[in-house]
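Protein chains: 2
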Amino acid sequence: MRITLIGSGNVATHMAAALKNAGHRIVQVYSRNMARAALLAYHVKAEPIDSLENLNAETDLFIIAVKDDAIAGVANELASFQKLTVHTSGATDLSVLSSIVLRAGVIYPLQTFSKSRENDFLTVPLCIEGFNEEITTVLQELAHTISNNVYLVDSAHRKILHLAAVFASNFPNYLYEAARQLLAANQLEFDLLRPLILETAMKVQDNLPADVQTGPAVRNDKLTMSAQLALLASEPNLKNIYEVLSQEIIKNEAGRH
Amino acid sequence: MRITLIGSGNVATHMAAALKNAGHRIVQVYSRNMARAALLAYHVKAEPIDSLENLNAETDLFIIAVKDDAIAGVANELASFQKLTVHTSGATDLSVLSSIVLRAGVIYPLQTFSKSRENDFLTVPLCIEGFNEEITTVLQELAHTISNNVYLVDSAHRKILHLAAVFASNFPNYLYEAARQLLAANQLEFDLLRPLILETAMKVQDNLPADVQTGPAVRNDKLTMSAQLALLASEPNLKNIYEVLSQEIIKNEAGRH
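Structure, rendered in structure tokens:
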């Protein structure tokens, strides 16, 4: 397929590379920042542009990978091309696009991307939605060329996924940071925790998290919990988190029996 | 070294295997449950016993890997042997042991172990404490035979580590479970989140968590946050967690600038 990327952030970068590797042709890469457009375009052998007025009509698909609140604005500028147009946002309804562009869809990659790390894109779950069946089929086939994990997910379910991802990724990452701060305040290295963090995530790759829950809360070990709360006496924020999450673990475990 | 294992849980099992692989001799394995003692003893070619009266005095080291509140009781039974004796608990002070046994120490493995998964023990951080310098040296040398990550950590710092591990492992695992429940209530598979969970943990192996924090809270994206809170209207517990953790992420990010 001939594909035009609107955006040059982490999602645009990793998706463009995966599409290029799968044999698709990246026609143009747009970014307001010409240096960023040029960098990504260089990697995927595309033309960089920093103005939507320079868009080439000779393309089959526009992928809008910009901030959520910029999607509608971009879509307005693309509407006249009458091309298949998708966004990549978990939190944005298809209708934000389909109310502007006739042939609209969504390709939502449920993964966290960073500049510094290569992802194996084949393992990235791609959640597909099309405005009609024909579009859904086209997007599904495209998705299968770059990922082994393709799911059909409508806008309502995609929002649930996006919310669940906050619990499964954004919040754990913050808790890693809270743990790091606790160690740093006591002259201990974060390296001590890195193997534990990785193993905890590895464990749930082939187990359900409730089946491998450990720690004082799941044992309802009140002695350890009150000793740990005492250690947090000077950290009221962490103490509050500790109390809230421990209570949830205790309740959840009680509900299993 | 000739080593006697008191306990047959996950820590005892993985540590016994690592010690055996490193060429040490496991003399006996004790468990109140003879079947469990026999299973572990079989794997490490040791004698299983289910009564401390049958302990063999021909050993160099007792490793007490039992529940925290049982450590002192076991230590009392071992005191007469006058052997080097360690516990493996993060939350337990060395003095619990050293007040009973003369030659006391701690080997605390900062990792989560499960029956179903093999760990690469060489990467497990081992936190060592000895009652005196000679004991510390012996334990350090022993620890280096089974792990590349050996740290000297006193009891006060070990308690901080144990607490930080709750934040870095037990709480994230509960959040994985909360995410799973959210998906299950909407007929979505947990498989959708597994790659994201793993990548989130991988990212902090060579980054600091605050540097790779993503999600609506770190962007202070109030629109997305209030939309997500609305999705949690019927889940007051999850809503509370969402609010507490989002506020902490916002505060933490503000403090970085």
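Line by line, the protein sequences give chains S and B. The first sequence begins at 1 in this note's numbering and counts up one residue at a time. The second sequence begins at 258 in this note's numbering and counts up one residue at a time. Each residue gets a CB set at the ideal place from its N, CA and C atoms; glycine is no exception.
What residue range does the beta strand (DSSP E) around residue i cover?
| i | result |
| --- | --- |
| Arg259/B | Arg259 to Ile263 |
| Thr369/B | It is not in any beta strand (DSSP E) - Thr369/B carries neither H nor E in the DSSP assignment. |
| Pro305/B | Glu304 to Ile306 |
| Glu129/S | Leu126 to Gly130 |
| Cys257/S | Before going further, note that residue 257/S is His rather than Cys in the sequence given. First-last for His257/S: undefined, no H or E at that position. |
| Ile320/B | Leu318 to Ile321 |
| Arg117/S | Per DSSP, Arg117/S belongs to no beta strand (DSSP E) and is neither H nor E. |
| Arg194/S | Not the beta strand (DSSP E): Arg194/S falls in the alpha helix (DSSP H), residues Arg194 to Lys203. |
| Val29/S | Arg25 to Tyr30 |
For residue i and residue j, what's the separation of their Cα atoms in angstroms?
| i | j | result |
| --- | --- | --- |
| Ser412/B | Asp448/B | 40 Å |
| Arg415/B | Ala348/B | 7 Å |
| Gly374/B | Glu456/B | The question names Gly, but residue 374/B is Arg in the sequence shown. Distance between the alpha carbons of Arg374/B and Glu456/B is about 19 Å. |
| Gly9/S | Leu188/S | 35 Å |
| Leu495/B | Leu489/B | 7 Å |
| Thr471/B | Pro452/B | 16 Å |
| Tyr108/S | Leu183/S | 36 Å |
| Arg513/B | Val475/B | 11 Å |
| Tyr176/S | Ile197/S | 8 Å |
| Leu39/S | His162/S | 29 Å |
| Asp478/B | Leu5/S | 24 Å |
| Asn54/S | Met1/S | 20 Å |
| Gly266/S | Ser114/S | Any answer about residue 266/S is impossible in this case: the structure gives chain S only from 1 up to 257. |
| Asn252/S | Gln181/S | 28 Å |
| Phe131/S | Glu243/S | 45 Å |
| Ala327/B | Ile160/S | 44 Å |
| Asn290/B | Thr270/B | 14 Å |
| Asp325/B | Gln228/S | 14 Å |
| Ser483/B | Ile306/B | 59 Å |
| Ala487/B | Asp93/S | 15 Å |
| Ile385/B | Ile392/B | 10 Å |
| Pro125/S | Asn119/S | 12 Å |
| Ala164/S | Ala17/S | 27 Å |
| Ile357/B | Val331/B | 10 Å |
Which residue comes first and which comes last in the alpha helix (DSSP H) that contains residue i?
| i | result |
| --- | --- |
| Phe428/B | Phe428 to Ala441 |
| Thr264/S | Outside the shown range of chain S, which is 1 to 257, sits residue 264/S, and nothing can be said about it. |
| Leu297/B | Met291 to His300 |
| Ala22/S | Taken as a continuous stretch (DSSP letters only), Ala22/S belongs to no alpha helix (DSSP H), as it is neither H nor E. |
For residue i, count the other beta carbons within 10 Å of its own beta carbon; 16 or more makes it buried, fewer makes it exposed. Which is it?
| i | result |
| --- | --- |
| Tyr299/B | exposed |
| Pro493/B | exposed |
| Lys203/S | buried |
| Ala35/S | exposed |
| Asn21/S | exposed |
| Leu122/S | exposed |
| Glu505/B | buried |
| Ala442/B | exposed |
| Leu208/S | exposed |
| Leu502/B | buried |
With a threshold of 8 Å between beta-carbons, can residue i be considered close to chain A, or not?
| i | result |
| --- | --- |
| Ile321/B | In the displayed structure, chain A is absent; the protein chains listed are S and B. |
*Entirely enclosed alpha helix (DSSP H) segments - the region 57 to 100 of chain S, minimum 4 residues*: Scanning the region 57 to 100 of chain S for uninterrupted alpha helix (DSSP H) segments of 4 residues or longer gives 71 to 78 and 94 to 98, listed from N- to C-terminal end.
_Using a Cβ distance threshold of 8 Å, determine whether the region 421 to 435 of chain B contacts the region 144 to 151 of chain S, with at least three qualifying pairs required._
no
*Where in the region 141 to 171 of chain S do unbroken runs of the beta strand (DSSP E), each at least 3 residues long, occur, reported from the N-terminal end onward?*
Runs of the beta strand (DSSP E) inside the region 141 to 171 of chain S: 150 to 152.
*Can we say the region 82 to 89 of chain S touches the region 29 to 42 of chain S, given the rule of at least three CB pairs closer than 8 Å?*
With the cut-off at 8 Å, the region 82 to 89 of chain S and the region 29 to 42 of chain S do not touch.
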